[in-house]
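Participant:
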Amino acid sequence: MLQFNGDRIKFARIYNGLTVNELATQLSISPQAESQYEMEKVAPQFDKLLLLSKILNFPIDFFLQNDDILIKSGSSYFRSLMKTPKKYRTEQKAKIHLLAKLYSIMHEYIEFPCLDIPTDIESYSSPEEAANYLREYWAIGSEPIRNLLRLLEAKGIIITSYETSTTDIDAFSQFFKINGQETFFIAYSNNKTSAARINFDLAHELGHIILHNWNEDTEEITREEFKNREKQANEFAAAFLLPKISFAREVYLFPTELSHYIELKKKWRVSIAAMIHRACALGIITMNQYQYMIRIMNKKGYRELEPLDNLLEIPYPCLLKDAVELLIGNNIFTKKELLEEFSNFGFSMNSDEIEKLFALEKGYLSEEESIDFSPVTLKLQKRRIK
Numbered sequence: 348m349l350q351f352n353g354d355r356i357k358f359a360r361i362y363n364g365l366t367v368n369e370l371a372t373q374l375s376i377s378p379q380a381e382s383q384y385e386m387e388k389v390a391p392q393f394d395k396l397l398l399l400s401k402i403l404n405f406p407i408d409f410f411l412q413n414d415d416i417l418i419k420s421g422s423s424y425f426r427s428l429m430k431t432p433k434k435y436r437t438e439q440k441a442k443i444h445l446l447a448k449l450y451s452i453m454h455e456y457i458e459f460p461c462l463d464i465p466t467d468i469e470s471y472s473s474p475e476e477a478a479n480y481l482r483e484y485w486a487i488g489s490e491p492i493r494n495l496l497r498l499l500e501a502k503g504i505i506i507t508s509y510e511t512s513t514t515d516i517d518a519f520s521q522f523f524k525i526n527g528q529e530t531f532f533i534a535y536s537n538n539k540t541s542a543a544r545i546n547f548d549l550a551h552e553l554g555h556i557i558l559h560n561w562n563e564d565t566e567e568i569t570r571e572e573f574k575n576r577e578k579q580a581n582e583f584a585a586a587f588l589l590p591k592i593s594f595a596r597e598v599y600l601f602p603t604e605l606s607h608y609i610e611l612k613k614k615w616r617v618s619i620a621a622m623i624h625r626a627c628a629l630g631i632i633t634m635n636q637y638q639y640m641i642r643i644m645n646k647k648g649y650r651e652l653e654p655l656d657n658l659l660e661i662p663y664p665c666l667l668k669d670a671v672e673l674l675i676g677n678n679i680f681t682k683k684e685l686l687e688e689f690s691n692f693g694f695s696m697n698s699d700e701i702e703k704l705f706a707l708e709k710g711y712l713s714e715e716e717s718i719d720f721s722p723v724t725l726k727l728q729k730r731r732i733k
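Count along the sequence shown from 1, then add 347; that gives the number in the numbering used here.
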């Protein structure tokens with residue numbers, strides 16, 4: 348027997364980035380009444396349930412279901428944590444948590460790549476050494492990484508992009524234990540329209556995955572410790588994307604000419620600002636030269652939009668998208684049956700929300716499927732034809 352689930356209202360509210368007061372206003376009820384829904388002290392009338400479904404973009408059945416999918420969630424690392432309101436962080440955590448549960452369902456049918464990261468990385472004393480070791484462990488040499496996103500997906504890290512109503516969140520990473528397996532998710536903002544910036548965000552989150560503790564609440568660590576971990580993740584990202592010897596060999600030619608860095612950006616797929624910072628960190632240019640070049644970039648407007656930002660191909664997550672298309676393409680499920688399968692596990696979802704989470708083309712799951720029949724071939728009745 349279906350029974351109203353107040354936790355699902357709370358989840359869907361947070362998922363949509365709404366406070367209790369904001370949702371209550373849209374429902375034309377008091378905040379106290381809305382809280383009673385969430386605490387299951389009062390069940391909403393059907394008209395309010397319909398309105399909840401419309402506002403929160405979840406089917407009514409979602410608020411009447413439970414699920415028994417058990418996943419253990421660990422730490423999460425947000426870039427810009429100190430300036431990002433907690434409301435936005437909890438919204439994105441809700442989305443990645445739901446995606447993790449849907450991923451666990453897909454895992455019943457799909458052999459996803461196993462997580463392939465070294466376990467002895469802590470023995471390396473600096474982010475630079477850890478980055479060099481990871482390149483060696485993955486056997487990718489010291490040349491530019493053309494598509495970091497695809498590399499991470501191949502190594503068992505789940506990548507997704509997300510919509511956000513704030514520009515304060517660049518990317519974040521989250522640890523889960525799913526079906527007994529350690530799984531890392533990285534999500535980056537759809538607001539980013541630069542392949543170079545996306546690459547650095549992904550490498551930054553990879554730095555957290557490789558370097559830091561995933562069994563603590565990062566909301567509880569000190570401001571100083573958080574800043575230190577962010578610094579380490581940035582150093583790792585720079586070293587991983589721009590290896591010391593191979594990158595320095597090219598920068599040494601014209602280390603203070605912006606036009607040279609524009610050419611290097613085509614090859615290394617890293618922002619000019621990040622490359623200049625790396626050149627300074629490696630001692631190729633002085634701090635005075637670095638500061639001068641940054642001032643020139645500011646005057647040219649490069650801090651907002653660098654050369655090539657509109658030209659380098661932006662990578663998009665494909666692992667989850669490919670998994671859905673594999674199931675449907677091999678007739679394991681029709682599109683309708685896939686949504687029904689999620690519902691069977693307690694996750695009745697609107698197709699457009701699944702499309703966002705799995706990076707599917709808009710409308711892909713809502714396309715009508717029908718059985719096609721060939722036209723009937725008519726024949727003349729010979730006995731009537733003279």
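No residue lacks a Cβ here, since even glycine has one placed at the ideal position from N, Cα and C.
Using only CA atoms, which one of T466, D564, N581, P432 lies nearest to I516?
Facilitator: Your numbering for residue 516 matches position 169 in the sequence shown. Comparing Cα-Cα distances from I516 to each of T466, D564, N581, P432, the minimum goes to P432.
Participant: Using a 10 Å radius around the Cβ and a threshold of 16 neighbouring Cβ atoms, would you call S721 buried or exposed?
Facilitator: Numbered from 1 along the sequence shown, position 374 holds the residue referred to as residue 721. Exposed: under 16 other Cβ atoms inside 10 Å.
Participant: Determine, using beta carbons only, whether R616 and R426 come nearer to each other than 8 angstroms.
Facilitator: As a working note, residue 616 is residue 269 in the sequence shown. As a working note, residue 426 is residue 79 in the sequence shown. Inclusion of R616 and R426 in the CB contact set at 8 angstroms is not warranted, their separation being larger than that value.
Participant: My understanding is that F694 touches V671, with C-beta atoms under 8 angstroms, so please give their C-beta distance in whole angstroms.
Facilitator: Within the sequence shown, numbered from 1, the residue matching residue 694 stands at position 347. Within the sequence shown, numbered from 1, the residue matching residue 671 stands at position 324. The pair is not a contact, with the Cβ atoms about 14 angstroms apart (cut-off 8 angstroms).
Participant: So, with DSSP's three-state summary, where would you put Q350?
Facilitator: As a first step, residue 350 must be located in the sequence shown, where it is residue number 3. Here DSSP, grouped into helix, strand and coil, assigns Q350 to coil.
Participant: Given a cut-off of 8 angstroms, decide if L558 and A580 are closer than it, judged by their beta-carbon atoms.
Facilitator: For the purposes of this step, residue 580 is taken as the residue at position 233 of the sequence shown. For the purposes of this step, residue 558 is taken as the residue at position 211 of the sequence shown. Taking 8 angstroms as the Cβ cut-off, A580 and L558 qualify as a contacting pair.
Participant: Have a look at the DSSP bridge pairing and note the partners of F532.
Facilitator: The residue given as residue 532 occupies position 185 in the sequence shown. Note: F532 sits in a beta bridge opposite I505, Q521.
Participant: So, does the stretch 646-658 touch the stretch 410-422, judging by three or more C-beta pairs under 8 angstroms?
Facilitator: no
Participant: Quick one: any contact between the stretch 538-554 and the stretch 600-618, if contact means 3 or more CB pairs under 8 angstroms?
Facilitator: yes
Participant: If you measure between the beta carbons of F532 and A447, is that distance less than 8 angstroms?
Facilitator: Counting from 1 along the sequence shown, the entry for residue 532 is found at position 185. Counting from 1 along the sequence shown, the entry for residue 447 is found at position 100. Closer than 8 angstroms, so yes.
Participant: Under DSSP, the beta strand (DSSP E) around E419 begins and ends at which residues?
Facilitator: Indexing the sequence shown from 1 puts residue 419 at position 72. For the sequence presented, residue 419 should be read as Lys rather than Glu. According to the DSSP assignment, K419 belongs to the beta strand (DSSP E) that extends over 419-425.
Participant: With a 10 Å radius around its C-beta and 16 neighbouring C-beta atoms as the bar for buried, classify L397 as buried or exposed.
Facilitator: Here residue 397 is taken as the residue at index 50 of the sequence shown, counted from 1. L397 comes out exposed.
Participant: With H, G and I counted as helix, E and B as strand and the rest as coil, what does DSSP make of W485?
Facilitator: Here residue 485 refers to the residue found at position 138 when the sequence shown is read from its first residue. Coil.
Participant: According to the neighbour-count rule (16 or more other Cβ atoms, all chains shown, within 10 Å of its Cβ), is R570 buried or exposed?
Facilitator: Sequence index remark: in the sequence shown, residue 570 carries index 223 (1-based). R570 should be labelled exposed.
Participant: For the alpha helix (DSSP H) holding D394, just list the boundary residues, first then last.
Facilitator: As a working note, residue 394 is residue 47 in the sequence shown. Segment 393-403, the alpha helix (DSSP H) holding D394.
Participant: Can you tell me the Cα-Cα spacing of M348 and T514, whole angstroms?
Facilitator: Taking the sequence shown and counting its residues from 1, the one referred to as residue 348 is at position 1. Taking the sequence shown and counting its residues from 1, the one referred to as residue 514 is at position 167. Confidence at M348 is low in this model, with a pLDDT of 48, below 50, so its placement is unreliable and no value can be given for it.
Participant: To which residues of the same chain is Y471 closer than 6 angstroms at the C-beta, ignoring the five residues directly before and after it?
Facilitator: Start at 1 with the first residue of the sequence shown, and residue 471 comes out as number 124. Closer than 6 angstroms at the Cβ level, and outside the excluded window around Y471, lie A477, Y480.
Participant: Please state if the CB of Q379 and the CB of I402 are separated by a distance shorter than 8 angstroms.
Facilitator: Position 55 of the sequence shown holds residue 402. Position 32 of the sequence shown holds residue 379. No, they are not a contact pair.
Participant: Please identify the residue among G353, L674, L365, L370 whose C-alpha is closest to the C-alpha of M386.
Facilitator: Here residue 386 corresponds to residue number 39 of the sequence shown, with the count starting at 1. For the residues G353, L674, L365, L370, the minimum Cα distance to M386 belongs to G353.
Participant: Measuring only the C-alpha atoms, how far is G630 from K683?
Facilitator: As a working mapping, residue 630 is identified with position 283 in the sequence shown. As a working mapping, residue 683 is identified with position 336 in the sequence shown. So the alpha carbons of these two residues sit roughly 58 angstroms apart.
Participant: Roughly how many angstroms lie between the CA atoms of G554 and F583, to the nearest whole one?
Facilitator: The residue you call residue 554 lines up with position 207 of the sequence shown. The residue you call residue 583 lines up with position 236 of the sequence shown. Distance between the alpha carbons of G554 and F583 is about 6 angstroms.
Participant: Would I468 and L666 be called neighbours here (beta carbons separated by less than 8 angstroms)?
Facilitator: Here residue 468 refers to the residue found at position 121 when the sequence shown is read from its first residue. Here residue 666 refers to the residue found at position 319 when the sequence shown is read from its first residue. No, the Cβ-Cβ distance between I468 and L666 is not below 8 angstroms.
Participant: Excluding the 5 residues preceding and the 5 following I443 in the sequence, name in chain order all residues of the same chain whose CB lies nearer than 7 angstroms to its CB.
Facilitator: Position 96 of the sequence shown, counted from the first residue, corresponds to residue 443. Contacts found: Q521, F532, A534.
Participant: Is the distance from the Cβ of P460 to the Cβ of K502 below 8 angstroms?
Facilitator: As a first step, residue 460 is located in the sequence shown; it is residue number 113 there, counting from the start. As a first step, residue 502 is located in the sequence shown; it is residue number 155 there, counting from the start. A contact, by the Cβ cut-off of 8 angstroms.
Participant: Mapping the DSSP letters down to three states, classify N560 as helix, strand or coil.
Facilitator: Translated into the one-based positions of the sequence shown, residue 560 becomes position 213. Residue state, collapsed to three classes: coil.
Participant: Do N560 and S422 count as a contact pair if the criterion is CB distance below 8 angstroms?
Facilitator: Counting from 1 along the sequence shown, the entry for residue 422 is found at position 75. Counting from 1 along the sequence shown, the entry for residue 560 is found at position 213. Yes, Cβ-Cβ distance for S422 and N560 is below 8 angstroms.
Participant: Which first and last residues belong to the alpha helix (DSSP H) in which C627 is found?
Facilitator: On the sequence shown, position 280 is the one that residue 627 refers to. Segment 619-628, the alpha helix (DSSP H) holding C627.
Participant: Compute the Euclidean distance between the alpha carbons of E475 and F587, then round it to the nearest angstrom.
Facilitator: Start at 1 with the first residue of the sequence shown, and residue 475 comes out as number 128. Start at 1 with the first residue of the sequence shown, and residue 587 comes out as number 240. Straight-line Cα distance between these residues: approximately 8 angstroms.
Participant: Which of the three DSSP states is assigned to S358 in this structure?
Facilitator: Locating residue 358 in the sequence shown gives position 11, where the first residue counts as 1. It should be noted that the sequence gives Phe, not Ser, for residue 358. In the structure shown, F358 sits in a helix (DSSP, three-state: H, G or I).
Participant: Could you tell me the distance, in whole angstroms, from the CA atom of F692 to the CA atom of R497?
Facilitator: Locating residue 692 in the sequence shown gives position 345, where the first residue counts as 1. Locating residue 497 in the sequence shown gives position 150, where the first residue counts as 1. Straight-line Cα distance between these residues: approximately 30 angstroms.
Participant: Measure the alpha-carbon distance for P391 versus E438 and round it to whole angstroms.
Facilitator: The count along the sequence shown starts at 1 and reaches residue 391 at position 44. The count along the sequence shown starts at 1 and reaches residue 438 at position 91. Computed Cα separation, rounded: 23 angstroms.
Participant: Just reading off the alpha helix (DSSP H) that F594 is part of, what are its end residues?
Facilitator: Residue numbering aside, residue 594 sits at position 247 when the sequence shown is read from its first letter. Unbroken alpha helix (DSSP H) run through F594: 591-598.
Participant: Give a yes or no on whether the C-beta atoms belonging to I661 and T540 are separated by under 8 angstroms.
Facilitator: Start at 1 with the first residue of the sequence shown, and residue 661 comes out as number 314. Start at 1 with the first residue of the sequence shown, and residue 540 comes out as number 193. Yes.
Participant: For A390, which of helix, strand or coil comes out of DSSP?
Facilitator: In the sequence shown, counting from the first residue as 1, residue 390 sits at position 43. If DSSP states are grouped into helix, strand and coil, A390 belongs with coil.
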